[in-house]
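Each residue of the sequence shown is one higher than the last, beginning at 1 in the UniProt record's numbering.
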Amino acid sequence: DKVDAGLPTAITVSGVIAVGTSHGLALVFDTNQALRLCLGTKTTGAEFGAVSALSINQDCSRLLCGFAKGQITMWDLANGKLLRTITDAHPPGTAILHVKFTDDPTLAVCNDSGGSVFELAFRRVMGMRSCDSRCLFSGSKGEVCCIEPLRAPPDLRDHPITHYSLLAMASLTKILVIGLKPSLKVWMTFPYSKSDPSSVPQLAWQFVPVQKTVNPILAFCKGDTVHFLLVKKEETGTIHVIKQRQLHLSCDIISLSWINSRTLVLVDSHEKLHVVDRPSQEVLETLDLEQVQLVYNSRHFKSLATGGNVSQALALVGEKACYQSVSSYAGQIIYLGTKSAHIMTLRNWRERIDFLLKQEHFVEALSLAWSFHEGTAKAVVGLFGDPVKRKAVVDDKMVEILCQFAENALKKCPEQGKIQVMEQHFHDVIPILVDYCLLLQRA
């Protein structure tokens, strides 16, 4: 409000939170939600239009802003200095739908409302900053409306697949996986099965442990079915793509994110959020996001700021597009609403038990704790992978629950009435206490 920034239009999260606005500003907040930087001016906002896409690089030192009228700016996040204004990276008259850094700080990719995709190579020669662009995919071959570079977490920066700088692209008819390095190469194309033309294509990468090795899996969907592709580097140097079991849901998916290597978070066209355990394909929780008032990117897909010169097919997909309103980072997903941003995280294993204990659901708490003990629980956060360590920690928590349960049973003991009522009360409690003590081999 203080800077008359306008309405929020885009968000991205890394070590900081950046929010783009309809007046062309980018507001940068720290993790305590304090405003650190206000990037841009209303003058440039009037010239460039609304911020339509954002990206932060790997070490959180640079921010890229894409605009509704097609320009791209790069900012230094340490001091708020404008480093580059890029006006000639793609054909004029098209909005920037996505701009994304790759793992290489000198390389980014962008996707415009003409359905084309461009690589942006940043150079600095004798103190002069420049940007070279090359077309990776032309919208005349079928418009791309979603791009996702594979970015490795810090502990996997040396993974052999990172040398290829893989980029997934979703057009209105198919998925492509290309390598930008060492030279441009298409590794895979995968056509969609029939789907509603208004369904929004989604892409999400995640490194997943599979049989002692960790490799990236690309999740993608257009409609109600999520496909999974395991991507491996063979010893020969070729990239091998293996189809995994797909996931069917009875809803039209408008957002797809991984929250960890076993759990996906989806949003459907009715703004319901679904937490899904991938191995069992079970929907663990459903939440209504209606109160978030999710921001949609429809104006940019229709390229209204440049006269609306887009295909009907892209404009139709744009009706439900909310790509720039969802950002995931370090086990959190942030959703941009018209008035505020909402962060979603999975409760850790203790919080899940304590949530049940608060409601005095002791039997359910014991059952959940035992599933943690045995390693059968789903979407587990914060527990040791080592079974011996895991069981020792959960053992202690279960003893705590059993003590609380016994204490509660004594407190809630009926004070008057027939003896049978008291007998029934303890009959409901004591066998459960004994069973779990025997399971834990504690007396």
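Ideal Cβ placement from N, Cα and C applies to all residues, glycine included. Everything numeric in this text was worked out from a predicted model, so none of it was measured.
Have a look at the DSSP bridge pairing and note the partners of I17. Along the sequence shown, read from residue 1 onward, the residue named residue 17 stands at position 17. Answer is V13 and F29, bridged to I17.
Tell me whether M398 sits in a helix, a strand or coil according to DSSP, three-state version. The sequence position of residue 398 within the sequence shown is 398, counting from 1. Helix at M398.
Three-state secondary structure (DSSP) of L273: Taking the sequence shown and counting its residues from 1, the one referred to as residue 273 is at position 273. Correct three-state label for L273: strand.
Helix, strand or coil, according to DSSP, for T213 in the structure here? Position 213 of the sequence shown, counted from the start, is the residue given in the question as residue 213. Looking at T213 - three-state DSSP - the assignment turns out to be strand.
Own chain residues within Cβ distance below 8 Å of T106, not counting five before or after: Taking the first residue of the sequence shown as 1, we reach residue 106 at position 106. Same-chain partners within the cutoff: A121, F122 and R123.
Sort out for me which residues DSSP pairs H342 with in a bridge. Taking the first residue of the sequence shown as position 1, residue 342 is located at position 342. Paired residue(s): Y335.
Determine the DSSP secondary structure at L249, reduced to helix, strand or coil. Along the sequence shown, read from residue 1 onward, the residue named residue 249 stands at position 249. In the structure shown, L249 sits in coil (DSSP, three-state: anything other than H, G, I, E or B).
Quick one, which of F384, Y436 and F48 has its alpha-carbon nearest F362's? Here residue 362 refers to the residue found at position 362 when the sequence shown is read from its first residue. Residue Y436 is the option with its Cα nearest to F362.
Exposed or buried, what is residue 447 when buried is set at 16 or more other beta-carbons lying within 10 Å of its beta-carbon? Lying outside 1 to 443, the shown extent of the chain, residue 447 is not represented and no answer is given.
Go ahead and label D88 buried or exposed: buried means 16 or more other beta carbons lie within 10 angstroms of its beta carbon, across all protein chains shown. Translated into positions along the sequence shown, residue 88 becomes position 88. When all chains shown are included, D88 counts as exposed.
The stretch 371-390 / the stretch 273-288 touching (three or more Cβ pairs under 8 Å): yes
Inter-residue Cα distance where the pair is V109 and L167: Position 109 of the sequence shown, counted from the start, is the residue given in the question as residue 109. Position 167 of the sequence shown, counted from the start, is the residue given in the question as residue 167. Computed Cα separation, rounded: 9 Å.
Determine, using beta carbons only, whether K233 and P154 come nearer to each other than 8 Å. Along the sequence shown, read from residue 1 onward, the residue named residue 233 stands at position 233. Along the sequence shown, read from residue 1 onward, the residue named residue 154 stands at position 154. Not a contact, by the Cβ cut-off of 8 Å.
Cα separation between E360 and E351? Your numbering for residue 360 matches position 360 in the sequence shown. Your numbering for residue 351 matches position 351 in the sequence shown. In a straight line, the C-alpha of E360 is about 14 Å away from that of E351.
Using DSSP bridges, identify the partner residues of H240. Translated into positions along the sequence shown, residue 240 becomes position 240. Its beta-bridge partners are K232.
Does the separation of the CB atoms of A170 and F137 fall below 8 Å? Looking up residue 170 in the sequence shown gives position 170. Looking up residue 137 in the sequence shown gives position 137. Not closer than 8 Å, so no.
As assigned by DSSP and simplified to three states, the class of G382: Here residue 382 refers to the residue found at position 382 when the sequence shown is read from its first residue. In this structure, G382 counts as coil in the three-state DSSP scheme.
Answer yes if the stretch 261-279 comes into contact with the stretch 203-219, meaning at least three C-beta pairs across the two stretches below 8 Å, and no otherwise. yes
Looking only at its chain, what residues have a beta carbon closer than 7 Å to the beta carbon of Y164, apart from the 5 residues adjacent to it on each side? Here residue 164 is taken as the residue at index 164 of the sequence shown, counted from 1. Closer than 7 Å at the Cβ level, and outside the excluded window around Y164, lie G179, K181 and I239.
Check A89 in the structure and name its three-state DSSP category. Numbered from its first residue, the sequence shown carries residue 89 at position 89. Residue state, collapsed to three classes: coil.
Given this structure, state the Cα-to-Cα distance separating L266 from H342, to the nearest angstrom. Position 266 of the sequence shown holds residue 266. Position 342 of the sequence shown holds residue 342. Answer to the nearest angstrom: the Cα atoms are 15 Å apart.
I'd like to confirm the pairing. Which residues does DSSP put opposite P191 in its beta bridges? What you label residue 191 is simply residue 191 of the sequence shown in a count that begins at 1. Bridge partners of P191: K174.
Measuring straight from C-alpha to C-alpha, what distance separates C131 and V13? Start at 1 with the first residue of the sequence shown, and residue 131 comes out as number 131. Start at 1 with the first residue of the sequence shown, and residue 13 comes out as number 13. Going from the Cα of C131 to the Cα of V13 covers about 24 Å.
Please check the pair L7 and S22, which I expect to be a contact at CB under 8 Å, by giving their CB distance rounded to whole angstroms. Residue numbering aside, residue 7 sits at position 7 when the sequence shown is read from its first letter. Residue numbering aside, residue 22 sits at position 22 when the sequence shown is read from its first letter. That belief holds up - the Cβ atoms of L7 and S22 are roughly 5 Å apart, short of 8 Å.
Which of helix, strand or coil does DSSP assign to A330? Counting from one through the sequence shown, the residue named residue 330 turns up at place 330. Looking at A330 - three-state DSSP - the assignment turns out to be coil, as it is neither helix nor strand.
Verify whether the separation of the beta carbon atoms of V39 and L54 is less than 8 Å. In the sequence shown, the residue the question calls residue 39 occupies position 39. In the sequence shown, the residue the question calls residue 54 occupies position 54. This sequence places Leu at residue 39; Val is not what is there. Their beta carbons are not under 8 Å apart, which means L39 does not touch L54 by this criterion.
I'd like the span of the beta strand (DSSP E) that includes R62, first residue to last. Here residue 62 is taken as the residue at index 62 of the sequence shown, counted from 1. It spans R62 to F67 - the beta strand (DSSP E) in which R62 sits, taken as one unbroken run.
On the DSSP bridge assignment, give the partners of V265 in chain order. Indexing the sequence shown from 1 puts residue 265 at position 265. Paired residues: S257 and V275.
For G331, which of N348, K320 and E148 has the nearest alpha-carbon? As a first step, residue 331 must be located in the sequence shown, where it is residue number 331. Selected option, being the one with the closest Cα: N348.
By DSSP, does S325 sit in helix, in strand, or in coil? Against the sequence shown, residue 325 aligns to sequence position 325. It is helical.
For V117 and I72, believed in contact at Cβ under 8 Å, the rounded distance: Residue mapping note: residue 72 aligns to position 72 of the sequence shown, counting from 1. Residue mapping note: residue 117 aligns to position 117 of the sequence shown, counting from 1. Not a contact, Cβ separation roughly 14 Å.
Boundaries (first-last residue) of the alpha helix (DSSP H) holding C437: The residue labelled residue 437 in the question sits at position 437 within the sequence shown. Looking at the DSSP string, the run of the alpha helix (DSSP H) that includes C437 is I419 to L440.
Once DSSP output is grouped into helix, strand and coil, what is the label at T41? Within the sequence shown, the letter at position 41 stands for residue 41. It is coil, neither helix nor strand.
Euclidean distance between Cα positions of S371 and G307: Sequence index remark: in the sequence shown, residue 371 carries index 371 (1-based). Sequence index remark: in the sequence shown, residue 307 carries index 307 (1-based). Straight-line Cα distance between these residues: approximately 57 Å.
Assign P414 to one of three DSSP states: helix, strand, or coil. Along the sequence shown, read from residue 1 onward, the residue named residue 414 stands at position 414. In this structure, P414 counts as coil in the three-state DSSP scheme.
In terms of DSSP beta bridges, what is K100 paired with? The residue you call residue 100 lines up with position 100 of the sequence shown. K100 is bridged to V109.
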